[in-house]
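These notes concern the structure reproduced below.
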Amino acid sequence: ASGAAGRERDVVAQALEELRAGIRDRSRRSGGPASPGEWTRFFQTLRRRLGPLGMSERTAKVDAFGMDRDAVQRAVPMLDFLADRYWRIEIRGTENLPARSPYVLVTNAGGPVPYDGLMLAHAVSRIRPGAERPHFLVADWLVGTPFAQPLVTRLGGVRACHDNARRLLRGDHPV
42 ASGAAGRERD
52 VVAQALEELR
62 AGIRDRSRRS
72 GGPASPGEWT
82 RFFQTLRRRL
92 GPLGMSERTA
102 KVDAFGMDRD
112 AVQRAVPMLD
122 FLADRYWRIE
132 IRGTENLPAR
142 SPYVLVTNAG
152 GPVPYDGLML
162 AHAVSRIRPG
172 AERPHFLVAD
182 WLVGTPFAQP
192 LVTRLGGVRA
202 CHDNARRLLR
212 GDHPV
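Per our numbering: the sequence shown = residues 42 to 216.
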């Protein structure tokens with residue numbers, strides 16, 4: 042079991058390193074921070090805004106599945122950066138979404154870390170401000186990761202299983 046856990050950690054570490062390299066490359070091409078001083082200020086701002094995401098006290102704005110509206114708001118600058126500058130997300134067809142929940146959106150999983158669900162939920166919430174933010178389903182192995190689990194849950198991630206999906210949909214939540 043420890044061998045499988047070690048391989049999973051290696052896969053996540055490799056995915057994070059590839060993400061870092063991609064961010065550096067795209068930032069250079071898109072006019073992002075250029076000098077070491079600009080990078081330092083950029084990362085200090087990110088650390089200040091994102092540091093408490095998984096460790097802050099719960100607020101009164103936490104739903105039954107653990108999504109914390111304040112944590113989501115603190116993550117918006119980073120999510121906007123990823124959507125606009127890193128992945129350059131384009132979303133079409135939102136006019137086909139029902140005016141009211143529930144509904145299900147499906148993505149193609151792009152790797153071991155559930156960026157796809159998080160980013161789709163973020164893109165929909167940007168296009169439909171004021172509407173309920175979709176929850177996204179997350180694989181068991183990530184939900185069981187001690188440091189990732191609180192962050193993923195606060196950003197709207199829910200353990201992927203039929204029961205949770207049914208509960209979300211019965212509660213009129215978009216998924």
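Note that the Cβ used here is the ideal one computed from N, Cα and C, for glycine as well.
On a predicted model such as this, the values are computed, not experimentally measured, just so you know.
- Counting C-beta pairs with one atom in each stretch, the region 134 to 150 and the region 160 to 174 have three or more that are closer than 8 Å, which means they touch.
- Beta-bridge partners assigned by DSSP to F177: G198.
- In the pairwise beta carbon analysis, the region 195 to 203 is classified as touching the region 177 to 186: at least three pairs are separated by under 8 Å.
- Distance from the Cα of D111 is smallest, within the candidate group H163, R195, R50 and S142, for R195.
- When the five nearest sequence neighbours on each side are left out, the beta carbons in the same chain lying within less than 6 Å of the beta carbon of V154 are those of A56, in order along the chain.
- For V145, no alpha helix (DSSP H) run applies, since DSSP gives it neither H nor E.
- A buried status is given to D109, since no fewer than 16 other beta-carbon atoms sit within 10 Å of its beta-carbon.
- Under DSSP, D109 takes part in a beta bridge, and its partners are V103.
- Membership of R208 in the alpha helix (DSSP H) is indicated by the continuous run H203 to R211.
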